[in-house]
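Residue numbers 9 to 432, in the working numbering, belong to the letters of the sequence shown in order.
Glycine included, each C-beta is placed from N, C-alpha and C at the ideal position.
First the structure, in the form of structure tokens, and then the observations on it.
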Amino acid sequence: MNTLNTAAPLSSTKPNLHKTLFATCIGNALEWFDIAVYGFFASYIAHAFFPTSDPSVSLLLTFGSFGVSFLIRPLGAIVLGNYADRHGRKKALLLSINLMMLGGAVITFMPSYGSIGLIAPLLILLARLVQGFSAGGEFGSSTAFLVEHFPERRAFIASWQFATQGASTLLASAFGLGLTQILTESQIQDWGWRIPFAFGLLIGPLGIYIRRHVHEPASFEAQAPEAAPLKRLFGRQKELMLLAIGLMVISTAVNYMLNYVPTYATKNLHLPGSAAFTATLLAGVILTVVTPLMGLLAERVGRVPLMWGSLIMLIVTIYPAFKLVVNHTTPTTLIILVCWMALLKSIYFSTVPSVMADLFPIGTRASGMAISYNVAVTVFGGFAPLICTLLISATGTSLAPGYYLMAMSVLSGLALLRSQKRIA
Numbered sequence: 009m010n011t012l013n014t015a016a017p018l019s020s021t022k023p024n025l026h027k028t029l030f031a032t033c034i035g036n037a038l039e040w041f042d043i044a045v046y047g048f049f050a051s052y053i054a055h056a057f058f059p060t061s062d063p064s065v066s067l068l069l070t071f072g073s074f075g076v077s078f079l080i081r082p083l084g085a086i087v088l089g090n091y092a093d094r095h096g097r098k099k100a101l102l103l104s105i106n107l108m109m110l111g112g113a114v115i116t117f118m119p120s121y122g123s124i125g126l127i128a129p130l131l132i133l134l135a136r137l138v139q140g141f142s143a144g145g146e147f148g149s150s151t152a153f154l155v156e157h158f159p160e161r162r163a164f165i166a167s168w169q170f171a172t173q174g175a176s177t178l179l180a181s182a183f184g185l186g187l188t189q190i191l192t193e194s195q196i197q198d199w200g201w202r203i204p205f206a207f208g209l210l211i212g213p214l215g216i217y218i219r220r221h222v223h224e225p226a227s228f229e230a231q232a233p234e235a236a237p238l239k240r241l242f243g244r245q246k247e248l249m250l251l252a253i254g255l256m257v258i259s260t261a262v263n264y265m266l267n268y269v270p271t272y273a274t275k276n277l278h279l280p281g282s283a284a285f286t287a288t289l290l291a292g293v294i295l296t297v298v299t300p301l302m303g304l305l306a307e308r309v310g311r312v313p314l315m316w317g318s319l320i321m322l323i324v325t326i327y328p329a330f331k332l333v334v335n336h337t338t339p340t341t342l343i344i345l346v347c348w349m350a351l352l353k354s355i356y357f358s359t360v361p362s363v364m365a366d367l368f369p370i371g372t373r374a375s376g377m378a379i380s381y382n383v384a385v386t387v388f389g390g391f392a393p394l395i396c397t398l399l400i401s402a403t404g405t406s407l408a409p410g411y412y413l414m415a416m417s418v419l420s421g422l423a424l425l426r427s428q429k430r431i432a
């Protein structure tokens, strides 16, 4: 079933491909840059805002605040997705990027716990909640905006949604690697970790300017807005949302596992931080370059074969890959593991946005995609670092993250099996 409107645009002004991509992807890039930086510099944030006598407890509190902020994402998806379906994709995109900048500014300039006490971690949590709310509506609105402007190129153009996530990981890793080379450990701990957050604030104004000067998709303007998109979703399209959630599970789990790598490498494998950031830097290169190439390939060979190939390889190889790193712990084996995960993720990743768009009609597309995406990200992604930390602690083995990814691959495989007739 293909629910995309592929009719010729009604507007006499043909949208510019590059401008449309930039306008939509810059907000996605800002969102994922802040997420990646928070994950990469978790141990420093723990020291600044969540100090305790036990470093492990501080780290758990930091990842807990990372995960709790994701609990509000479904609310943001409901509010902003509904707003996009009723009032337009452009208005929702402008609102979400302004909220992202607000949260980022709070994190960048917040004094430490040692300076202002308990108010510091409380405001950091509030900032993460604001960012989580705004991010909740970003994916649904921006992906709908892309595929409705260019329905004939939906596999390729929607793949850029996740390619920009790779670029954000790449940039965040570059900051991590650069700071570990330029600054001392104490300097990073005192103030250096704030530098990438401050850089993220510079992206926002440009994104706001570009988003103010784009037009709504012609296919959206051609039909009357859905009067009650949420009522229709939860009344008649619950199965579509469950399928979309299932398809997202492994994609988001691998993504947040990559964010967890610096902490996993330094705390569990006892590797230097530079090795971890080098691995994630290379992963960012792979995600940025390979994802749109796979989007192009999907236009030729189809999306379903690529998705199955990636899932099967994940299930078969992820345990041996983690075992290699645990039994032969070196920077090289860590890099092999991370790059392999990034490559398989790129193949699967490239197809997911356009597939999710195909599941929903225009009238409920932004809401349906936003809610499904953020439920998956909240449950299976945002708490992945915390879950893996607890699994390692409970089982006593550093192989626990591999078990988690295998289980998530199976769940996504079941969703793909049920939905492939709709998206072929």
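Item	Value
Residue closest to LEU107, alpha-carbon to alpha-carbon, out of ASP93, ALA163, LEU407, LEU88	LEU88
Close beta carbons around VAL138, own chain, < 7 Å, minus the five adjacent residues each side	LEU107, LEU110, GLY111
GLY75 and PHE388 closer than 7 Å at C-beta	no
Three-pair Cβ contact test at 8 Å for the stretch 305-316 versus the stretch 234-253	no
Neighbourhood of LEU154 by C-beta distance below 6 Å, restricted to the same chain and skipping five residues each side	THR32, ILE165, ALA166
Cut-off 6 Å between Cβ atoms - residues of its own chain near GLN197, not counting five sequence neighbours on either side	TYR52, HIS55
CB contact flag (VAL257, MET416, <7 Å)	yes
Contact set for LEU18: own chain, Cβ-Cβ below 6 Å, skip 5 residues either direction	Low local confidence applies: a pLDDT of 42 at LEU18 is under 50, so the model's placement there is unreliable, with the coordinate-based value given in what follows. Closer than 6 Å at Cβ, skipping near neighbours: ALA226, ALA230.
Three-way DSSP call (helix, strand, coil) for GLY243 in this model	helix
Rounded separation between THR116 and VAL297 - CA only	30 Å
Continuous alpha helix (DSSP H) assignments of at least 4 residues falling wholly in the stretch 315-392	339-357, 360-367, 370-384
Whole-angstrom distance between LYS429 and LEU78, CA atom to CA atom	Just to set this straight, residue 78 is Phe in the shown sequence, not Leu. Distance between the alpha carbons of PHE78 and LYS429: 31 Å.
Within 7 Å, strictly: CB atoms of TYR121 and PRO59	yes
Neighbour-count burial assignment, HIS221, 16 or more Cβ in a 10 Å radius	exposed
Residue from LEU290, PHE242, SER142 with nearest C-alpha to LEU83	SER142
CB of VAL333 within 7 Å of CB of LEU345, strictly	yes
Buried/exposed call for GLN195, threshold 16 Cβ in 10 Å	exposed
3 or more residues per run - each beta strand (DSSP E) lying fully within the stretch 226-311	none
Assigned secondary structure, GLY186 (DSSP; H/G/I helix, E/B strand, else coil)	helix
For ALA180 and PHE205, the rounded distance between their alpha carbons	9 Å
For SER104 and PRO237, believed in contact at Cβ under 8 Å, the rounded distance	In fact, because the Cβ distance is near 17 Å, the residues do not count as touching under 8 Å.
Spatial distance of ALA16 from LEU394 (CA atoms)	Only weak support exists for where ALA16 lies, its pLDDT of 40 falling under 50; the value from the coordinates is given anyway. Distance between the alpha carbons of ALA16 and LEU394 is about 47 Å.
Enclosing alpha helix (DSSP H) for LEU137 [first to last residue]	127-157
Any non-hydrogen atom of the ligand GDP closer than 6 Å to ILE132 Cβ	The ligand GDP is not among the ligands present in this structure, which contains no ligands whatsoever.
Cβ distance (whole Å) where THR28 is taken to contact ALA163 below 8 Å	Incorrect: roughly 16 Å between the Cβ atoms, too far for contact.
Nearest-angstrom Cα separation, counted from HIS223 out to THR299	26 Å
Which of helix, strand or coil DSSP assigns to TRP201	coil
Length at least 4, wholly inside the stretch 91-131: the alpha helix (DSSP H) runs in chain order	97-117, 121-124
Euclidean distance between Cα positions of ILE132 and THR70	10 Å
GLU39: first and last residue of the uninterrupted alpha helix (DSSP H) it sits in	25-48
Residue of LEU314, MET315, SER259, THR338 minimising C-alpha distance to THR286	THR338
Contact set for MET321: own chain, Cβ-Cβ below 7 Å, skip 5 residues either direction	LEU352
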